[in-house]
Amino acid sequence: MIYLTYNDQPSGVFSSQVNDVCNYLNRDHGARIRLVAIISLHDFAANRRKIKAEVPNAWVLPALPKAKYWQCSIPLVALICLFTGERKVIARNIMATLIALKVRKMGLIRKVCLDGRGAIAAEWNEYQVVPDQKMKDAIFGQEKKAVLESDFRIAVSSRLVDYWRQSFGYNQNLHVIIPCTLSSDFKAPAFGDDEVAAARAAQGFPADALVLIYSGSTAGWQSFGILGGILGNVLRNNAKAHLLFLAKEDESITRMKKEFPSQVTNKWVGHKEVQQVLMAGDYGILYRENSVTNQVASPTKFAEYLGAGLPVIISENLGDYSDFVLTHQCGKVVSHDQTIQADPCSAAEKRRMAKLATDWFTKPSQKEIYSKLISFMNKN
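The sequence shown: position 126 = 107 (this note's numbering), numbered continuously.
Here's what the structure looks like:
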C-alpha cells in the first residue's frame, strides 16, 4: 500500500501526521505502507533528507514547479504502481487523491482512500492560500470529485464529514474519523507541584502568575485581529496575567509587547522543547474566527496543549473541539466579545488534561479506527 503526498513540505505537522502515521501503521498494524512524497524542487535535497531520516524507505520525488502542474505527476505515480505492484493508495488531501484517481482509471490502482485534512476549497478562497484564480475556481469541483469518487475516506473531524454531505452530496458511511494525533514518542510529563514550579521558574514566571500561552503563527487565518483584543482585556484586568507567544515575532506580537511590556513575552524553540515550555502555562490559547475552514478543522495544537497539561481557551465552532471542551470540562469556550475569567491551573488538573490527551489524541487511542481503515483497504 502507498501513502501518497503531493506538494506537502516537511514540517512538524508533516512529521507527526504523515511520517509518524506511516511508521505507526507499519509497526503496530502490519500495514506494509510505503510513503511516496512528491515535494517541491525548492530545497529538495534538504527536505528529502528530513523525510528519509524519519521514514528511511520513503520514496521522495520532485514535483514540477507550481502546484497547478499537479497532473504532470500522474505518469510518475503510474510508474511507481507498475514497478512496485502496489494497487492501493491512501492519498493526503485533494491533489494527491486526484492523481491516484487518474491512475486508478488506468487500471493500475484498485482502491483510493482520501485522507481529508480540511475543507480545501473553503480554505483556498477564504484565506487566499493560492494566488492562481483559475486554481481557486476549479478547486471546489476537484474536491467534490476527490470526496465522491474515492473508495474510502479519512476525515479529521465529524464536522468535515458534515461539510462533505452538505456541500458535495456525500451520502455514504465509507469513512473513519481520526483527529490529528500526537507523535508516537509522546509521554505525559510528571505534574507534581515541584515539576510545575520548576517549569514556571525556568520561563521566568512568578509562582502566583496566571500564564496564558499562544503557540503558533499569528498570520491571517489564525484570527489574531480578534484574539489580540480578547487577550488585551485579560492583561488589563489582571496584573498577574502573563502572555507568552511561542512563535516567531511579527508585527502583531511586537504591538502586544509594546502595549504590555511587563506582561507579554515571546520565544521560539525547537519542536522537542515545546512541551517543556508549555508546562509552565495555565491555559493554551486556540482562537479562530468562525469560518468554514475553522468549523471543520482539527488543529494539532489542541492535543499538544492538553498533552502538556494545559486546559484550552477555545473559540466557538472550532471543529469538534469546542464541544469536546464543554463535554470534558477541559478549558473555556469563548466568543469574540467575551471577557475571559481564569485562575491558575493546579498540578492535579494538569494531570487530568494529560490523561485526556492520552485517551483521545494518541495513535494507540485510535487503534480500532486505524484497524477499520487498514481492514477496508486490504480487502480484495
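Idealized CB from N, CA, C, for every residue including glycine. Small disclaimer: the values here were computed from a predicted structure and weren't measured.
- In this structure V293 touches G265 by the C-beta definition: roughly 5 Å separates them, less than 8 Å.
- Annotation: the region 240 to 328 contains the following complete segments of the alpha helix (DSSP H) (minimum length 4 residues), in chain order: 255 to 259, 273 to 276, 281 to 288 and 302 to 309.
- When the Cα atoms are used, L163 and M358 turn out to be separated by approximately 24 Å.
- Considering only L299, E240 and K360, the residue with the shortest C-alpha distance to Y268 is L299.
- In this structure the region 110 to 118 lies against the region 34 to 52, because at least three pairs of beta carbons, one per stretch, are closer than 8 Å.
- When C-alpha distances from L42 are compared across V58, A34 and E254, the shortest belongs to V58.
- About 7 Å separates the Cβ atoms of V137 and G99, confirming a contact at the 8 Å cut-off.
- The way I'd put it, the region 145 to 157 doesn't touch the region 69 to 85; fewer than three beta-carbon pairs between them come closer than 8 Å.
- For the pair E230 and Q244, the Cα-to-Cα distance works out to about 15 Å.
- In the three-state reduction of the DSSP assignment, C161 falls in the coil class.
- One Cα belongs to G122, the other to V128, and the distance between them is close to 10 Å.
- If the five residues before and after G206 are omitted, its C-beta is found closer than 6 Å to no C-beta atom of its own chain.
- In the DSSP assignment, R91 falls outside any alpha helix (DSSP H) and carries neither an H nor an E.
- In this structure, DSSP gives H23 a state outside helix and strand, which the three-state scheme calls coil.
- The shortest C-alpha to C-alpha distance from I159 to any of S139, E270 and S303 is the one to S139.
- Residues of the same chain with a CB within less than 7 Å of the CB of E104, apart from the 5 flanking positions on each side, are V110 and T274 in chain order.
- The beta carbon of K331 is closer than 6 Å to those of F172 and G290 in its chain, skipping five residues each way along the sequence.
- Looking from the CA of L63, the closest CA among V(-1), I(-17) and F25 belongs to I(-17).
- In this model, N74 and F149 are separated by some 16 Å (Cα to Cα).
- Here the alpha carbons of T235 and G209 stand approximately 12 Å from one another.
- With distances taken between CA atoms, L227 lies nearest to Q184 out of D189, N219, Q184 and K239.
- For F64, the secondary structure class from DSSP, reduced to helix, strand or coil, is helix.
- Beta-bridge analysis with DSSP links F149 to no other residue.
- With respect to I135, G197 sits apart: the two C-beta atoms are not nearer than 8 Å.
- When secondary structure is reduced to three states using DSSP, A222 falls in the strand class.
- Under the criterion of beta carbons closer than 8 Å, C161 and T320 do not qualify as touching, at roughly 30 Å.
- In this structure, DSSP gives V17 an extended state, which the three-state scheme calls strand.
- Counted as a single uninterrupted DSSP element, the beta strand (DSSP E) harbouring W40 occupies residues W40 to P43.
- Among the bridge pairs identified by DSSP, H156 is matched with R134.
- Under the three-state reduction of DSSP output, R98 falls in the coil class, being neither helix nor strand.
- Proximity of the region 9 to 24 to the region 344 to 361 meets the contact definition, three or more beta-carbon pairs being nearer than 8 Å.
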